[in-house]
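Residue numbering for the sequence shown follows our numbering, starting at 27 and increasing by one per position.
Backbone N, C-alpha and C fix where the C-beta goes; we use that ideal spot for every residue, glycine too.
Input: a single structure, listed below in structure tokens.
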Amino acid sequence: MDTEEVEPDAGRKRGYGTISGAMAIEDPEPTSCMPMLRAWPKSTFLIIVNEFCERFSYYGMRSVLTLYLINILKYSANTATILYHSFNVLCYGSPMIGSIIADGYIGKFWTIFFISIFYACGQIALAVASTFGPTSSLHPWLDLLGLFVIGMGTGGIKPCVSAFGGDQFKQHYLLMISIYFSVFYFTINAGSTISSFISPIMRSQPCLGHDSCYPLSFGIPAILMIVAVGIFMLGSPLYKKVPPKENTIFRVLAAIRRSLGNKLRGKKKRDHWLDHYFDTHDCETDPHCREAKGKCVQVRFIDDVKQLVRISVIMLPLPFFWTLYDQQGSRWVIQAVAMDSRISDGFSLLPDQMSTLNALLIMIFIPIFQGLIYPGVERMGIRCTPLRKMVAGVFLAAVSFVICGFVQIAVNRTLPDIPGSSQAFVSVVNAYPSGTCDFEVNLPDFSSQVVPANSSLIDNELEKTKQLYRLHVGSGMTANFQFARAASSSNCTIDPFTVAATLKGGKSYMVTLLPGGRSLIREASWDKPQEGQGQFALGVNMAVPCARFEQLNGTSCSASSFNGSFALCRYDKECDPQKHDWYYAWKSSDDKAVKRLDVQNGSPAFALDYLDIKPGTYKLYLVNYLKDYSGDHTPRKSEIQTLSLDVYVQVNRMGGVYTLTVTDQDDLEGSPLIATLHTIVPENHMNILWQVPQYFVITAAEILFSITGLEFAYSQSSPSLKAVVTAMWLFTQALGDAVIIVIDELDLFQNLAVEFFVYSGILFVVVVVLLLLSIFYYEYKEVMVETDGGSFSVKVALENSGYVDDEGTTKL
Numbered sequence: 027m028d029t030e031e032v033e034p035d036a037g038r039k040r041g042y043g044t045i046s047g048a049m050a051i052e053d054p055e056p057t058s059c060m061p062m063l064r065a066w067p068k069s070t071f072l073i074i075v076n077e078f079c080e081r082f083s084y085y086g087m088r089s090v091l092t093l094y095l096i097n098i099l100k101y102s103a104n105t106a107t108i109l110y111h112s113f114n115v116l117c118y119g120s121p122m123i124g125s126i127i128a129d130g131y132i133g134k135f136w137t138i139f140f141i142s143i144f145y146a147c148g149q150i151a152l153a154v155a156s157t158f159g160p161t162s163s164l165h166p167w168l169d170l171l172g173l174f175v176i177g178m179g180t181g182g183i184k185p186c187v188s189a190f191g192g193d194q195f196k197q198h199y200l201l202m203i204s205i206y207f208s209v210f211y212f213t214i215n216a217g218s219t220i221s222s223f224i225s226p227i228m229r230s231q232p233c234l235g236h237d238s239c240y241p242l243s244f245g246i247p248a249i250l251m252i253v254a255v256g257i258f259m260l261g262s263p264l265y266k267k268v269p270p271k272e273n274t275i276f277r278v279l280a281a282i283r284r285s286l287g288n289k290l291r292g293k294k295k296r297d298h299w300l301d302h303y304f305d306t307h308d309c310e311t312d313p314h315c316r317e318a319k320g321k322c323v324q325v326r327f328i329d330d331v332k333q334l335v336r337i338s339v340i341m342l343p344l345p346f347f348w349t350l351y352d353q354q355g356s357r358w359v360i361q362a363v364a365m366d367s368r369i370s371d372g373f374s375l376l377p378d379q380m381s382t383l384n385a386l387l388i389m390i391f392i393p394i395f396q397g398l399i400y401p402g403v404e405r406m407g408i409r410c411t412p413l414r415k416m417v418a419g420v421f422l423a424a425v426s427f428v429i430c431g432f433v434q435i436a437v438n439r440t441l442p443d444i445p446g447s448s449q450a451f452v453s454v455v456n457a458y459p460s461g462t463c464d465f466e467v468n469l470p471d472f473s474s475q476v477v478p479a480n481s482s483l484i485d486n487e488l489e490k491t492k493q494l495y496r497l498h499v500g501s502g503m504t505a506n507f508q509f510a511r512a513a514s515s516s517n518c519t520i521d522p523f524t525v526a527a528t529l530k531g532g533k534s535y536m537v538t539l540l541p542g543g544r545s546l547i548r549e550a551s552w553d554k555p556q557e558g559q560g561q562f563a564l565g566v567n568m569a570v571p572c573a574r575f576e577q578l579n580g581t582s583c584s585a586s587s588f589n590g591s592f593a594l595c596r597y598d599k600e601c602d603p604q605k606h607d608w609y610y611a612w613k614s615s616d617d618k619a620v621k622r623l624d625v626q627n628g629s630p631a632f633a634l635d636y637l638d639i640k641p642g643t644y645k646l647y648l649v650n651y652l653k654d655y656s657g658d659h660t661p662r663k664s665e666i667q668t669l670s671l672d673v674y675v676q677v678n679r680m681g682g683v684y685t686l687t688v689t690d691q692d693d694l695e696g697s698p699l700i701a702t703l704h705t706i707v708p709e710n711h712m713n714i715l716w717q718v719p720q721y722f723v724i725t726a727a728e729i730l731f732s733i734t735g736l737e738f739a740y741s742q743s744s745p746s747l748k749a750v751v752t753a754m755w756l757f758t759q760a761l762g763d764a765v766i767i768v769i770d771e772l773d774l775f776q777n778l779a780v781e782f783f784v785y786s787g788i789l790f791v792v793v794v795v796l797l798l799l800s801i802f803y804y805e806y807k808e809v810m811v812e813t814d815g816g817s818f819s820v821k822v823a824l825e826n827s828g829y830v831d832d833e834g835t836t837k838l
């Protein structure tokens, strides 16, 4: 390409800007495809591949992190959300440290290399921690240590990698830098798309004696991080390594401190408060000016700081965008767990796979926005300035949470109410066979209810039923439930009876009526499955004579103890403990799994705790383990004995909570077993695909806001402060996650839908604030351009609605 001498006025009209000094641009930027490819720095391809591997590692780990915190480390949903966003705060707050190290000490290249090794160690620590069972003493300390190291590592390299890639270009190649950032962002999402789809699949596979395989989900990312370090080092001879000059962050802070101090102490009037820096500045003693041999370089630096301050003002409201955006990995996953993830009879989406949609849509949207939407809007006479794109992105993020709130309203219809600390909820289960005995239930201060045979009292908002007894019990009380034969059961011979239930606050109970006038009381679980594998929860009441349990070798039963175990196996498969998808066991050695229950007017019963089970048809077995198995060891099929109880359970939907009551007629040894299945909490009814609209809108918001913001932060800053501004941009995301932590700690919302609507309302206010700030954003910036022949300044016109060109036409 021919070089061109550009004069000041001509330069402005052509978009180059005003050039100070005698030097003109001798190397104009290529604008067509082939010249761009020839001028493109080949080393950036290694940086992009490195970024792909690192993002695969990071997002592969993060996509399953929320469920790991809930199901392995046993944190509540709220605590898991707080920890997840605390990790994000670390990831996006630590870039300032990486920027300080890179700019002031060892440069971007060595900062990326050394911190990447540190980062890989964190991934390895988390992968090792996940190989241990939930009860291991290594939890949660090793996990949290690994997350801390990962957060510091990924944060430490964040401001360096993208900026290091930008350093490979000549600084006035603005179009090529813009294309590079789009490719860079595309690569990020390619890595995250693949990993966020594959990692949940790996998590859902049984391994090491567990129903899930987090070691695989964390181990593959650890390996990819090691690969990323190797790929990055391959390009070492090719990179343009800008040497560190000084710690620019500290220099900026010192300049701001001196300017403010001089302004407060002095009486001079200045056009800008930062100009007060020169009230006490002496070029003869300033080391920077002395190096410049008489030139006052601090004038340039203070101008750069002014630009930094202007950018900082624009960034002030930006954290609230990330407050909403980053909930894709926490609240949106928790929302998805409470939804029906079946897409067809043979295919289901895992809740943590939904984030794949975000990354996939980004790769689709980037060329659509760049090639169609932006040019189309420009042809309509509306200029797509960076700040306008960002305002539109914030607006769409708010809209996505409005959509999310309405989805949550529908999801809430199958979520159970949780009793308060002074409340107790009571359901009544009638385990009599259908068509035998219906009972009328009476409790003082409550209306009477009829519980038909083989049914139960249930709250089901979908069917507009609210049948549970809600009692104010304080610290505890005894409630006397009175039962009498209902008028519809003329053949029932059971006399009226009373069941005294001792209730405690904050708990739920089931009163189960058994054939022969017997009854039992047990605590109930209202908790839906949280593992995100499309399961339902099942608890079992075993109210049968002990003699039935002694038919299996090694099994004994008495009024006070039970030595044996139970298992549900797929009805069409053999019982095999190694097959985690169709073998679910309750072991008597686990006090929480098998508990003794007193039965009124009958022999003792045993309550089998609630297990999360995949939908299907199962058969109940009595099991004898031939060896004493403990820890994470899973026995083989040949190492157990089984006895079928001829009891079948069929549940084809996910998310429900059920109780199976197994009993016999009149508590007699020879009578046939009676099994009744009762719904405690309804199944998930809202399909997971209803989340697609909110992902669609939040992804469009990300294209408009995040890509533009990354480019804005890099292009609008001076060369000496690019890493600082990039770190500041990332720090806005840390602040956004900190807002989530504060709101969750305050526990302001009991209804997740209300919380979503409040977040969207906050962001609509931010739209107005950002719009006002954008209007008053200044029109020009002046940067130094480095060339082989020296350096010169270019004053670039910024595209805001107030800029008027040379012909007097407002550029809108």
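- In terms of Cβ geometry, residue 680 and residue 630 do not form a close pair [threshold 8 Å].
- For the pair residue 257 and residue 79, the CB atoms are nearer than the 8 Å cut-off.
- The alpha-carbon of residue 181 is positioned some 9 Å away from that of residue 756.
- Across the set 732, 729 and 682, the C-alpha of 682 shows the shortest separation from the C-alpha of residue 709.
- Distance from the CA of residue 56 to the CA of residue 63, rounded to the nearest whole angstrom, comes to 9 Å.
- Taking residue 599 as the centre and dropping the five residues before and after it, the same chain places the C-beta of 608 closer than 6 Å to its C-beta, in chain order.
- A distance of 8 Å or more separates the beta carbons of residue 269 and residue 129.
- Taking a cut-off of 8 Å for Cβ pairs, the region 272-283 and the region 318-334 touch, as three or more such pairs fall below it.
- Between the region 457-468 and the region 515-534 there are three or more inter-stretch CB-CB distances shorter than 8 Å, so the stretches are counted as touching.
- Beyond the five residues adjoining it in sequence on each side, residue 510 comes within less than 6 Å, by CB distance, of 466 and 522 in the same chain, given in chain order.
- In terms of Cβ geometry, residue 497 and residue 529 form a close pair [threshold 8 Å].
- Between the alpha carbons of residue 447 and residue 139 lies a distance of about 53 Å.
- The secondary-structure analysis by DSSP pairs residue 565 across a beta bridge with 685.
- Residue 597 places its beta carbon less than 8 Å from that of residue 645.
- Among the bridge pairs identified by DSSP, residue 612 is matched with 592.
- If one requires a minimum length of 4 residues, the alpha helix (DSSP H) runs lying completely within the region 301-352 are 313-317, 323-341 and 345-351, in chain order.
- For residue 382, the closest C-alpha among the options 721, 345, 196 and 572 is that of 721.
- Contact between residue 77 and residue 252 does not hold, since their C-beta atoms are separated by about 15 Å, which reaches or exceeds 8 Å.
- Inter-segment contact for the region 406-416 and the region 227-239 is absent: fewer than three beta-carbon pairs are separated by less than 8 Å.
- Residue 357 sits away from residue 796, with the two beta carbons spaced by 8 Å or more.
- Sixteen is the threshold: when 16 or more other Cβ atoms of the shown chains lie within 10 Å of the Cβ of residue 689, as they do, the residue is buried.
- With 16 or more other Cβ atoms from the protein chains shown falling within 10 Å of its own Cβ, residue 114 counts as buried.
- In the structure shown, the three-state DSSP call for residue 198 is coil.
- By the neighbour-count criterion, in which a residue is buried when 16 or more other Cβ atoms sit within 10 angstroms of its Cβ, residue 229 is buried.
- Leaving aside the five residues that flank residue 783 on each side, the residues in its chain whose CB is nearer than 8 Å to its CB run, in chain order, 427, 428 and 431.
- In chain order, 645 and 647 place their CB closer than 7 Å to the CB of residue 670, counting only its own chain and leaving out the 5 sequence neighbours on each side.
- Annotation: residue 669 is outside any alpha helix (DSSP H); the continuous beta strand (DSSP E) that includes it extends over 666-677.
- One thing to note: residue 766 has its Cβ no nearer than 8 Å to the Cβ of residue 165.
- By the neighbour-count criterion, in which a residue is buried when 16 or more other Cβ atoms sit within 10 angstroms of its Cβ, residue 406 is exposed.
- A distance of 8 Å or more separates the beta carbons of residue 737 and residue 244.
- Taking the CA atoms as reference points, residue 444 sits about 30 Å from residue 162.
- In this structure, the beta-carbon distance from residue 194 to residue 67 falls below 8 Å.
- For residue 466, the secondary structure class from DSSP, reduced to helix, strand or coil, is strand.
- With a cutoff of 8 Å on beta-carbon distance, residue 536 and residue 668 are scored as not near each other.
- Selection 377, 621 and 727 evaluated against residue 419 yields 727 as nearest (Cα-Cα).
- Sequence-distant Cβ neighbours of residue 289 in its own chain, meaning closer than 6 Å and more than five residues away, are 299 and 302.
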